[in-house]
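In what follows, a single structure is set out as structure tokens and then discussed.
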Amino acid sequence: MDSEYFDWVEDFELRVQLAKTSTPTEWRMSPIAKEKIRIHENFRHGTIEEVTGVCKATQIAGPSPGQEAIVKIKIQLSHWEDETRDLLSPEAYRETNNLSQLTDEHCSSTPAFIARAQFVQGDDGHLPGGYIVFILMERVPGRDLGCFPELTLEERDQARIAFIKALWEFRSHGFLHRDPRRENIIWDRDAQKCYIVDLEDAEDCKLKRTGIDPRLELSLWNLHGRQSQSAENHLDDDAMIPPEREEGSKIYDRDELLALLINRATQRSV
């Protein structure tokens, strides 16, 4: 895609040390695939504008030549209101810290953290003296569930089961995601596995007990029907989506939760 902020990225070669081993590596960037601009707040320093681009990168020097990664590049576009120069956005910190923590805890339902590099923009940058941050993470297999309307009912049921398994693991590490939507779920159809991504909007809430309300969560993530609809709209729900539970909303047993959803899908097909 054309971008006034990332026209330099294609074929850019990034040198960075791996997070776990400090091994030097070099990665070649592909063109930017996605881009967004956000305003970020800090209660002490005010607000800044930041642009984020997402692209693929390939390791060209290091222990695993040919390895592919996903890279988020965050560029500061405006000064903090107190003109602080060396403070990253809260989202940049969260993405790095969440990826690193979940990788250290061996979470299999989020991308593994690979590396981070931070630089200062030069005089020809969009904000001289501002930051540029590269966050490298595992490129997980599959495609995001923005493709949900294209799936058959059987495939949607399979994706929902895989997602609930991923969400259960994610929650078991104490995390909540503040941006629940289809595009933040990667589904690997062959492995029947989902990954939860875009962790700049996730938070470690130190949850002590894992429990999920399947109707609520599938609705919040917009997986309750084929077409995109609000979480409150249940007119076109697929049969797997359970009704409201009189005995309580959350289920605290993973096997019970999965059995409930699978049984509803099975009864539909009989």
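Using UniProt numbering, you'd call the opening residue of the sequence shown number 1 and step up by one each time.
Think of the CB as a built atom: it goes at the ideal place given N, C-alpha and C, for glycine as much as any other residue.
This structure is a prediction, so every number in the text was calculated from the model and none was measured.
Can you tell which of the options has its C-alpha closest to the C-alpha of residue i?
| i | options | result |
| --- | --- | --- |
| Q121 | T152, E138, L77 | L77 |
| L199 | Y5, I70, P65 | I70 |
| P24 | A115, F43, E49 | A115 |
| L88 | E68, P63, E50, V9 | E50 |
| A162 | R209, D179, D144 | D144 |
| F170 | L151, T103, H224, Q118 | T103 |
| E217 | P180, D255, K36 | P180 |
| R182 | G211, L151, D255, C147 | C147 |
| G129 | D236, R254, W80 | W80 |
| I132 | A259, L260, V9, M1 | V9 |
| F43 | D82, G211, A92 | D82 |
| residue 273 | D7, D236, E244, I75 | The first residue shown for the chain is 1 and the last is 270, placing residue 273 beyond what the model contains. |
| H224 | F175, R160, G66 | R160 |
| K208 | H234, R245, W168, D237 | W168 |
| S22 | D253, Y252, P63, L235 | P63 |
| D253 | D236, G211, H234 | G211 |
Given residue i, which residues of its chain have a CB within under 8 Å of its CB, disregarding the five upstream and five downstream residues?
| i | result |
| --- | --- |
| E13 | E26, W27, R28, M29, I60 |
| K206 | G174 |
| E244 | R215 |
| H45 | W80, E81, D82, T84, L87 |
Under 8 Å between the Cβ atoms of residue i and residue j?
| i | j | result |
| --- | --- | --- |
| residue 324 | P242 | The structure shown does not extend to residue 324, since the chain spans only 1 to 270, so no value can be given for it. |
| W221 | I185 | yes |
| A111 | H40 | Correcting the residue type first, residue 111 is Pro in the shown sequence and not Ala. In this structure, H40 does not lie closer than 8 Å to P111 by Cβ. |
| residue 271 | A19 | Because the chain here runs from 1 to 270, residue 271 falls outside it and cannot be looked at. |
| H177 | E105 | no |
| A191 | N98 | no |
| A257 | I164 | The amino acid occupying residue 257 in the given sequence is Leu; Ala does not appear at that position. Yes; because the gap between Cβ atoms is below 8 Å, this pair is in contact. |
| P149 | D188 | no |
| K250 | D213 | yes |
| A92 | V16 | no |
Looking at the structure shown, is residue i part of a helix, part of a strand, or coil, going by DSSP?
| i | result |
| --- | --- |
| F175 | strand |
| G62 | coil |
| Y93 | helix |
| E68 | strand |
| G146 | helix |
| T47 | strand |
| T52 | strand |
| P31 | coil |
| N233 | coil |
| L14 | strand |
| T25 | strand |
| K36 | strand |
| F6 | coil |
| Q121 | coil |
| E41 | strand |
Please return the same chain residues whose Cβ sits closer than 7 Å to the Cβ of residue i, not counting the five positions on each side in sequence.
| i | result |
| --- | --- |
| K72 | T52, V54, E95, I135 |
| S100 | A19, F113 |
| S219 | A231 |
| E228 | The residue asked about is misnamed: residue 228 is Ser in this sequence, not Glu. Counting only Cβ-Cβ distances below 7 Å, and skipping sequence neighbours, we find N222. |
| L151 | A159 |
| residue 275 | Here the chain has residues from 1 to 270 only, and residue 275 is not among them. |
| D237 | H224, G225 |
Under 8 Å between C-beta atoms, does residue i make it to chain B?
| i | result |
| --- | --- |
| R181 | Checking the listed chains, one finds no chain B in this structure; it contains a single protein chain. |
Enumerate in chain order the residues of its own chain whose CB-to-CB distance from residue i is below 6 Å, with the five nearest sequence positions on each side excluded.
| i | result |
| --- | --- |
| S3 | I32, E35 |
| D157 | M240, A265 |
| T58 | R28, E68 |
| F6 | I32, G53 |
Does the Cβ of residue i lie closer than 7 Å to at least one heavy atom of the ligand MG?
| i | result |
| --- | --- |
| E138 | As presented, the structure is devoid of all ligands, the ligand MG included, so that no description of it is given. |
* **Ordered list of beta strand (DSSP E) runs contained in the segment 184-232, each at least 3 residues** => 185-188, 193-196, 202-204
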